[in-house]
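Using the working numbering, you'd call the opening residue of the sequence shown number 138 and step up by one each time.
We put the CB at the ideal spot given by N, CA and C, even for glycine.
All remarks here apply to the structure that follows.
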Amino acid sequence: MLGLMQSQPLLISSLIHFAERHHGDAEIVSRRVEGDLHRYTWRDVAARSRQVANTLDSLKLGFGDRVATLAWNGYRHLELYFGVSGSGRVLHTINPRLHPDQIVWIANHAEDQVLFFDMSFLPIVQAVHARCTTVKHWVALCDADKLPADSGIPNLLSYEALLGQQPTGYAWPSFDENCASSMCYTSGTTGNPKAALYSHRSTILHAYAAALPDVMCLSARDAILPVVPMFHVNAWGIPYSAALTGAKLVFPGPALDGKSVYELIEAEKVSYAAGVPTVWQMLLGHMKPNNLRFSTLKRTVIGGSACPPAMITAFNDDYGVEVLHAWGMTEMSPLGTLCTLKNKHLSLSDADKMKIRLKQGRAIYGVDMKIVGDDGTELPWDGKAFGDLYVKGPWIVREYFKGEGGDPLKDGWFPTGDVATIDPDGYMQITDRSKDVIKSGGEWISSIDIENIAVAHPAVAMAACVGMPHPKWDERPIVAVVKKPGAEVTREELLEFYKGKAVAKWQVPDDVVFVEAIPLGATGKMLKTRLREMLKDYKLPGL
Ligand code: AMP
138 MLGLMQSQPL LISSLIHFAE RHHGDAEIVS RRVEGDLHRY TWRDVAARSR
188 QVANTLDSLK LGFGDRVATL AWNGYRHLEL YFGVSGSGRV LHTINPRLHP
238 DQIVWIANHA EDQVLFFDMS FLPIVQAVHA RCTTVKHWVA LCDADKLPAD
288 SGIPNLLSYE ALLGQQPTGY AWPSFDENCA SSMCYTSGTT GNPKAALYSH
338 RSTILHAYAA ALPDVMCLSA RDAILPVVPM FHVNAWGIPY SAALTGAKLV
388 FPGPALDGKS VYELIEAEKV SYAAGVPTVW QMLLGHMKPN NLRFSTLKRT
438 VIGGSACPPA MITAFNDDYG VEVLHAWGMT EMSPLGTLCT LKNKHLSLSD
488 ADKMKIRLKQ GRAIYGVDMK IVGDDGTELP WDGKAFGDLY VKGPWIVREY
538 FKGEGGDPLK DGWFPTGDVA TIDPDGYMQI TDRSKDVIKS GGEWISSIDI
588 ENIAVAHPAV AMAACVGMPH PKWDERPIVA VVKKPGAEVT REELLEFYKG
638 KAVAKWQVPD DVVFVEAIPL GATGKMLKTR LREMLKDYKL PGL
């Protein structure tokens with residue numbers, strides 16, 4: 138027997154519609170590229186996102202067409218979140234920190250039709266526009282009078298001029314909630330980057346779940362500062378959950394240094410912040426020597442990389458801020474687990490509570506997880522056995538955009554590439570990574586890209602790139618190199634060799650270590666775990 142409840146597709150447009158009607162006066166504050174603070178309300182976001190939708194119609198974009206952004210966290214980016222997806226197009230947020238060649242590759246792969254960009258990324262657009270073969274319109278997120286006269290970009294449009302021509306009325310279309318809403322590329326462990334293609338349904342379910350008290354715990358009483366970029370898995374879904382709850386949003390724009398972030402937190406009475414450990418490292422690094430305190434910040438969600446114990450202690454003991462340790466992936470929209478205590482833990486000593494807080498946390502309803510041994514059997518939840526972590530659920534990828542990389546699932550489960558334990562209370566803890574990538578400052582570096590460049594040098598026989606612990610960036614890449622017999626190359630020459638190659642500056646290894654041999658497995662695969670063991674006493678230059 139079917140239930141007799143109303144059936145209504147879960148669409149992103151319903152979030153902005155709700156935000157406008159129920160908490161239209163809640164504020165959105167943005168530090169702009171121009172340096173000043175911009176403030177308006179959810180009601181304004183709603184009106185302007187309808188103007189975005191009208192603009193896309195006027196540019197003749199079809200249903201499902203991809204619309205790209207190269208933008209910081211700010212109000213115009215927020216309008217695009219709702220205007221693009223709400224009108225049935227797919228928002229493709231591009232990471233501006235990638236090398237221009239990587240940006241060209243993913244824009245062409247996504248077949249982006251329009252690209253909206255912050256003026257600080259004009260040099261990137263100038264470097265890539267001629268090679269982005271599908272992009273028909275380049276739109277600068279600025280007023281008409283701020284458009285550069287001689288940008289070299291044909292038909293460069295101004296966002297404000299485009300919106301100004303459009304009415305604020307728009308009837309959001311209704312369609313299947315399983316249609317794509319946004320996409321985000323993640324650097325592949327093998328081959329090219331692959332995109333997770335989120336749907337309206339997956340986004341809304343994730344937005345509901347993210348707001349729960351034992352997840353991110355977001356409410357209408359919060360003023361949220363998402364430092365996590367809007368180009369990185371939709372800023373962890375915060376813009377959607379904030380529309381749903383009626384929270385105030387505070388966007389940092391390009392100013393992510395400790396001083397700017399601190400001043401914004403204080404000025405806008407931020408109660409809640411979200412970001413990767415590197416950002417908080419910079420914030421705490423500014424606060425301690427200047428003897429600063431928070432007057433409003435209560436909670437911060439930290440994820441993307443393991444949160445160092447000292448950071449949890451510093452926030453908690455020195456500043457009275459609760460740290461919510463989170464784990465997730467681009468392929469998971471991104472939230473998988475959050476670390477919050479259970480009722481029975483409240484009476485534990487601080488030291489015992491800390492042991493729990495260091496874990497990546499418990500699965501959110503909607504995410505199922507398991508750990509699996511080398512032989513494919515599921516391992517016990519005893520907090521000791523570690524194995525490959527698999528997940529499944531309605532906001533986890535089934536396959537990548539355009540079927541890249543084939544079927545990623547194993548018996549319906551997605552392999553995360555993380556290695557973990559799970560304790561009897563369901564707390565997951567990451568112990569290692571089986572995927573061959575390095576995460577520095579919250580962003581991926583493909584070890585394969587680094588190795589391919591090294592082996593292109595005539596004196597290099599073999600190269601293996603591994604991440605080494607770094608107090609600020611979490612990890613930095615180094616490359617271990619075996620020289621060809623009789624050939625000579627110095628560390629400096631090899632580092633120089635990376636210049637002008639298709640990797641961004643911050644992805645270039647910090648060091649080259651010459652070794653006699655790189656440990657290989659039975660199938661000839663480089664054994665990075667063994668190599669890391671060989672280099673256990675190694676220290677990055679300058680540390
Ligand atoms: P991304 O797709 O860029 O969000 O990266 C996802 C990956 O980042 C995960 O598979 C982990 O390897 C790593 N990661 C994310 N959060 C954490 C965390 N809290 N602790 C350790 N690693 C993490």
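>> Would you say the beta carbon of methionine 506 is closer than 8 Å to some non-hydrogen atom of the ligand AMP?
In response: no
> So what does methionine 663 bridge to, in DSSP terms?
Replying inline: Leu657
>> With three or more beta-carbon pairs closer than 8 Å as the criterion, would you say the region 483-495 touches the region 534-553?
In response: Segments in contact, no.
>> Closest to alanine 163 by C-alpha separation, out of Val170, Val204, Thr382, Ala267, would be which residue?
In response: Thr382
>> I'd like the span of the beta strand (DSSP E) that includes glutamine 566, first residue to last.
In response: 564-570
>> Please identify the residue among Ser319, Trp643, Lys621, Ser151 whose C-alpha is closest to the C-alpha of aspartate 610.
In response: In the sequence as presented, aspartate is not what sits at residue 610; that position holds tryptophan. Closest by alpha carbon: Trp643.
>> Am I right that valine 574 and alanine 591 are in contact with their C-beta atoms under 8 Å? What's the rounded C-beta distance?
In response: About 16 Å separates the two Cβ atoms, so there is no contact after all.
>> So, for glycine 422: in the same chain, excluding its five sequence neighbours on each side, which residues have a beta-carbon less than 6 Å away from its beta-carbon?
In response: Gly395
> In or out: asparagine 480 buried (at least 16 other Cβ within 10 Å) or exposed?
Replying inline: exposed
> Are there three or more Cβ pairs, one per stretch, closer than 8 Å when the region 222-242 is compared with the region 190-200?
Replying inline: Touching, yes.
> Around the Cβ of serine 249, are there at least 16 other Cβ atoms within 10 angstroms (buried) or fewer (exposed)?
Replying inline: The amino acid occupying residue 249 in the given sequence is aspartate; serine does not appear at that position. With 16 or more other Cβ atoms within 10 Å, it is buried.
>> Can you tell me which residues form a DSSP beta bridge with tryptophan 518?
In response: As far as DSSP is concerned, tryptophan 518 takes part in no beta bridge.
> Whose CA, out of Ser339, Gly457, Met663, His594, lies closest to the CA of leucine 631?
Replying inline: His594
> Does the Cβ-Cβ distance between tyrosine 564 and cysteine 476 come in under 9 Å?
Replying inline: Taking 9 Å as the Cβ cut-off, tyrosine 564 and cysteine 476 qualify as a contacting pair.
> Between the beta-carbon of tyrosine 212 and the beta-carbon of isoleucine 149, is there less than 9 Å?
Replying inline: no
> DSSP on alanine 615, reduced to helix/strand/coil?
Replying inline: For clarity, residue 615 is isoleucine in the given sequence; the question names alanine instead. Looking at isoleucine 615 - three-state DSSP - the assignment turns out to be strand.
>> With H, G and I counted as helix, E and B as strand and the rest as coil, what does DSSP make of valine 170?
In response: coil
> So what does DSSP say about proline 446, is it helix, strand or coil?
Replying inline: helix
>> Residues in the same chain with beta-carbon distance under 8 Å from valine 265, minus the five sequence neighbours each way, listed in chain order, please.
In response: Pro237, Ile240, Val241, Ala244
>> Between proline 471 and the ligand AMP, is there a pair consisting of the residue's CB and a ligand heavy atom that are separated by less than 8 Å?
In response: For the ligand AMP, at least one heavy atom lies less than 8 Å from the Cβ of proline 471.
> From the DSSP output, which residues share a beta bridge with tyrosine 335?
Replying inline: Ser319
>> Please determine whether the Cβ atom of methionine 466 lies at a distance below 8 Å from any heavy atom of the ligand AMP.
In response: yes
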